[in-house]
Structures are given as structure tokens and as C-alpha cells.
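Single-structure report; data block below.
Numbering (the working numbering), first residue to last: 31 to 466.
Right, here's the structure in full:
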């Protein structure tokens, strides 16, 4: 089944959905705290081809893995918790959950009837586990294919929101919304500003002449579903709980918001990023412990207001750093977005780069740094403005993945490629230069 023609039958009518990966220029892991983020689509894309069948079977083929997931339609659960367990127990279920999860979300949220049978062929050149949203690209491509196949009408940002539900509720990965929004709405050559409360899109920012961003693959895989990312997200919401209760909310208010999925009535609208850095330092920095054991939090507050993360009693969480990151990152992103709209000067390029380096350092403070991405960032810093390289930062969920580099002019692009080739010659492996 290595080709499309051998997977499908000649009599089947195929539809195709495509979507790109994305490069996280600024914002990263602050999205779930309500930050502004700046994202760019990359050249690599996912393609999902879909066709109906009538024998009660669902087949999903991953051309990249050379694996098939096969199940009877009648065996698919409609409940999200049951679906997570269903895919966890089945061979190839870990990757198939991202694809079939889109179908299950459409069945539950858009009242789509279970089909009589379905074939899905998945092919993607978006690098997996490299911080460029391979999962979101597959989800959006799947949603587009299923939308065509079943005549589903998506309004506004609904497709991205439903794709995120597939990842959160079925695949069990606690990602924010920026990946799906960027894959769905990103425009080549432009930054996509998103205000993640949860899905306010602004007009794309076309890059001024000379400015470019490249992604340098570290060779280290990361996973949004991994414990580090989940712990950082949980710690941020633990810190928000302490702040909200200091402002008069009760643990019961937090629990009701979690169950309802609406946090607007909570202090700061339920988002850490509605707190300015100055207010954070004045009112809350001393309130938050540097670290907190999960069992101590649960004893006093119960679960957080976040429906897709859970506090583990035995874990120790970096509460203060995980709150400080989104508060300051939100301010950096807004300043970055305002400055990059202007005609670039040496001073403005230095400032943009400074904010990228600060963002990268903040990842390390919350525990999502990595020695290999640090090495790439330091190689870029060492080359510096004399080579027309101005900034670098880890992308996406951190703990490895890709480094985003701010270049200027052809000299900067050549210098970034040289940094990448020097890094690749040192470590070898199938490393990729990510182009926007």
C-alpha cells in the first residue's frame, strides 16, 4: 500500500485536504495562557485523501510510517474519554488518533452520522517532533478532506477549534490553539498575529523587505504530549488558581469554569496574559511559590480551571517561572509585532533579536530548554549582526525541536545556512532546514 493508487479502488471518488506546518516566531507556550503569538506557515505540507466505502470498515494509511490502522466503524466510540482509551490500546492507535479523532469530533460536535465506511490516506513532509506542528497540519488537512467529503460547513475559526479538540480530547495532547490556527489561516511570507483568548485573528503582517525567518532543526524530537510540556501548562494554571483566589474567586468557581469550558467570569477573564508585567511584579510575584508539590495544591484548591491538564500529586511544579513566562512573553510579542511592521533599521533588528533571545531563555527557566537548541542559539549569537543574524529562539513546545532564526538580507540567509551546515556536520543525522 505504498502508493495512493494501490490504497484506493478505481471506483472510489477521492477528495484531498492540505495544510502546512508552522514556524513559531514568537509566543510559543504562552498561547494557552491567552497570549498574543506570531506564527508563519512553512513550505512543508500534509495531504490527506479521503474516500467513502460501504463495507463498514475504516482504514487509515500513513505513507510516511508505512502503517495501516484498521477498525470496524461500529467499534468506534463516540465518547471522548472512551476514544482516548480506545486508541491507546490499539496497534498504531497513537498516530491514528490525530486523524480519526477529527472524524469523531465532527460526529459529536457537528452531528455528522457515522459513515458506512471510510478510507483515509495520510502523507506529510512536515517533520515530526521538530516543533513545527506536524500534528496540526495533519488535523487541518484531515478536517478539510472530511469537510469536502461530507459537505461540512465551517464558520470562522471553527475548523481550527474542532481540530484542537481532536488533539486535546482524542489524542490526549494538551496543546493550545495557535498551531491549528496557524496551519489553517497562515499566509506565505507573512506573520499571522493571533490573540489566543481563544482565537482572535488579526490581519497578517507582511514581512518588510530583507527580513526572513528560517528554522534550524536540532535533531532532537519533542512531544506536546510529553510530561515536560504538560507539567509547564499545569504549573501555569496552578499559578493562575492562586492569583484568582487572591482576587476573590473560590476553588468552586475554578471547578465550575473547568466543567463549563468558560472562564470569562474569573479574574482577568481566566487568562494569565491579561496581567501586565508591572502588575505581576507588584501584586503576584511574591504570592507565587517557586515550586509546589501537586498534592499540596490539590489539598487546597482541587483541580485547576484548565480542562485538558491534570495536577499529579507526586509532581513538583515550577509555578512562579511558568506564570512569569506567559506574562512577559505576551508583552514581548506585542512589542515585536508593532516593531516588525516598520522599515527595518539596525537598532530595530537588534531589539527584535533581543526579544527572541529573552523568549528562548524563558523556555529554559520553565524547564523546556535543551542543550542542542541552546547550542544552535549560541552559534547564531556568535555569528551575530556582523553576519546579519539578529535573534534565535526555540519553537513550539520546546524540549528540543527547531530553532527559529531572524536573518536579514541574502547575507543573513547565507549565514544561517552556514550555521545549520556546521551544526549538521557536527552531529549528522537527517536534519532539515525549515523554510517559510
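A virtual CB, placed ideally from N, CA and C, is assigned to each residue, including glycine.
**OP:** Below 7 Å CB to CB, which residues in the same chain sit around residue 138 once its five sequence neighbours on both sides are set aside?
**Re:** Within the same chain, residue 138 has close Cβ partners 108.
**OP:** Answer with buried or exposed for residue 320, where buried requires no fewer than 16 other C-beta atoms within 10 angstroms of its C-beta.
**Re:** Residue 320 comes out exposed.
Subject >> Candidates 384, 455 and 44: closest to residue 179 by CA position >> reply: For residue 179, the nearest C-alpha among the options comes from 44.
Original post:
Mind pulling the alpha helix (DSSP H) runs of 4 or more residues that sit fully within the stretch 60–112?
Top reply: Qualifying alpha helix (DSSP H) stretches: none in this window.
**OP:** Taking residue 41 as part of the alpha helix (DSSP H), name the residues at either end of that continuous run.
**Re:** Per DSSP, residue 41 is not a residue of any alpha helix (DSSP H), being assigned neither H nor E.
Original post:
residue 364 by DSSP, collapsed to three states: which one?
Top reply: The answer is helix: DSSP assigns residue 364 an H, G or I state.
**OP:** Leaving aside the five residues before and after residue 187 along the sequence, list all residues of the same chain whose C-beta is less than 6 Å from its C-beta, in chain order.
**Re:** Hits under 6 Å: 229.
**OP:** Using the DSSP secondary-structure output, state which residues sit across from residue 398 in a beta bridge.
**Re:** DSSP lists no bridge partner for residue 398.
Original post:
Relative to the C-alpha of residue 96, which residue among 289, 54 and 152 is closest?
Top reply: Closest by alpha carbon: 152.
Original post:
So, are the CB atoms of residue 390 and residue 422 less than 8 Å apart?
Top reply: Contact: yes.
Subject >> Opposing strand residues paired with residue 433 [DSSP bridges] >> reply: Partner(s): 246 and 424.
Subject >> Extent of the continuous alpha helix (DSSP H) to which residue 170 belongs >> reply: Unbroken alpha helix (DSSP H) run through residue 170: 164–180.
Subject >> Touch test, the stretch 350–367 against the stretch 262–272, Cβ-Cβ under 8 Å, three pairs minimum >> reply: Three or more pairs of CB atoms, one per stretch, sit closer than 8 Å, so the stretch 350–367 contacts the stretch 262–272.
**OP:** Tell me the start and end of each unbroken alpha helix (DSSP H) in the stretch 192–216 that is at least 4 residues and wholly inside, in chain order.
**Re:** With a minimum length of 4 residues, the continuous alpha helix (DSSP H) runs that stay inside the stretch 192–216 are 208–215.
**OP:** Give the C-beta separation of residue 64 and residue 227 to the nearest angstrom, bearing in mind that I take them to be a contact with Cβ-Cβ under 8 Å.
**Re:** Confirmed, Cβ separation roughly 5 Å.
Original post:
Identify the residues that DSSP records as bridge partners of residue 224: which are they?
Top reply: In the DSSP output, where bridge partners are listed per residue, residue 224 has 67 and 231.
Original post:
Which partner residues does residue 236 have in the DSSP bridge list?
Top reply: According to DSSP, which records beta bridges pairwise, residue 236 is partnered with 220.
Original post:
Does the beta-carbon of residue 292 have 16 or more other beta-carbons within 10 angstroms, so that it is buried, or is it exposed?
Top reply: By the neighbour-count criterion, in which 16 or more other beta carbons inside 10 Å mark a residue as buried, residue 292 falls on the exposed side.
Original post:
How far does the alpha helix (DSSP H) with residue 285 in it reach, from first residue to last?
Top reply: 281–290 is the extent of the alpha helix (DSSP H) around residue 285.
**OP:** Out of 385, 112, 101 and 114, state which residue places its alpha-carbon closest to the alpha-carbon of residue 150.
**Re:** The shortest Cα separation from residue 150 among 385, 112, 101 and 114 belongs to 101.
Original post:
Out of 259, 78 and 219, which has the shortest C-alpha to C-alpha gap to residue 170?
Top reply: Nearest to residue 170 by C-alpha distance, out of 259, 78 and 219, is 78.
Original post:
By DSSP, does residue 460 sit in helix, in strand, or in coil?
Top reply: In this structure, residue 460 counts as coil in the three-state DSSP scheme.
Original post:
First and last residue of the alpha helix (DSSP H) that includes residue 150?
Top reply: Premise fails: residue 150 lies in the beta strand (DSSP E), 148–154, not in any alpha helix (DSSP H).
**OP:** Just mark residue 135 as buried or exposed, buried being the case when its beta carbon has 16 or more other beta carbons within 10 Å.
**Re:** Burial of residue 135 is indicated by the presence of at least 16 other C-beta atoms within 10 angstroms of its C-beta.
**OP:** Look up residue 438 in the DSSP assignment and say whether it is helix, strand or coil.
**Re:** In the three-state DSSP reduction, residue 438 falls in the strand class (E or B).
**OP:** Report the three-state DSSP secondary structure of residue 31 (helix, strand or coil).
**Re:** Low confidence applies to residue 31: its pLDDT is 46, below 50, so where it sits in the model is not reliable, and the reading given next is rough at best. In the displayed model, residue 31 falls within coil according to three-state DSSP, outside both helix and strand.
**OP:** Taking residue 329 as part of the alpha helix (DSSP H), name the residues at either end of that continuous run.
**Re:** Run containing residue 329: 324–331, per the alpha helix (DSSP H) assignment.
Subject >> Of the listed residues 313, 345 and 312, nearest to residue 323 (C-alpha basis) >> reply: With distances taken between CA atoms, residue 323 lies nearest to 345 out of 313, 345 and 312.
**OP:** Indicate, with yes or no, if the ligand FAD has a heavy atom lying under 7 Å from the CB of residue 187.
**Re:** No copy of the ligand FAD occurs in the structure displayed, which carries no ligand at all.
Original post:
Does the beta-carbon distance from residue 419 to residue 437 come in below 8 Å?
Top reply: In this structure, residue 437 lies closer than 8 Å to residue 419 by Cβ.
Original post:
Excluding the five sequence neighbours on either side, which residues of its own chain have a C-beta within less than 7 Å of the C-beta of residue 218, listed in chain order?
Top reply: For residue 218, the CB contacts under 7 Å within the same chain, skipping 5 residues up- and downstream, are 71 in chain order.
**OP:** Going by DSSP, name the residue or residues bridged to residue 346.
**Re:** Residue pairing by DSSP places residue 346 opposite 323 in a beta bridge.
Subject >> Inter-residue spacing [alpha-carbon to alpha-carbon] between residue 470 and residue 429 >> reply: Lying outside 31 to 466, the shown extent of the chain, residue 470 is not represented and no answer is given.
**OP:** Compute the Euclidean distance between the alpha carbons of residue 246 and residue 385, then round it to the nearest angstrom.
**Re:** Cα-Cα distance, rounded: 18 Å.
Original post:
For residue 335, is the classification buried or exposed, using 16 other Cβ atoms within 10 angstroms of its Cβ as the cut-off for buried?
Top reply: Burial of residue 335 is indicated by the presence of at least 16 other C-beta atoms within 10 angstroms of its C-beta.
**OP:** Report the residue from 445, 368 and 301 whose alpha carbon sits nearest the alpha carbon of residue 381.
**Re:** Closest option to residue 381, Cα to Cα, is 368.
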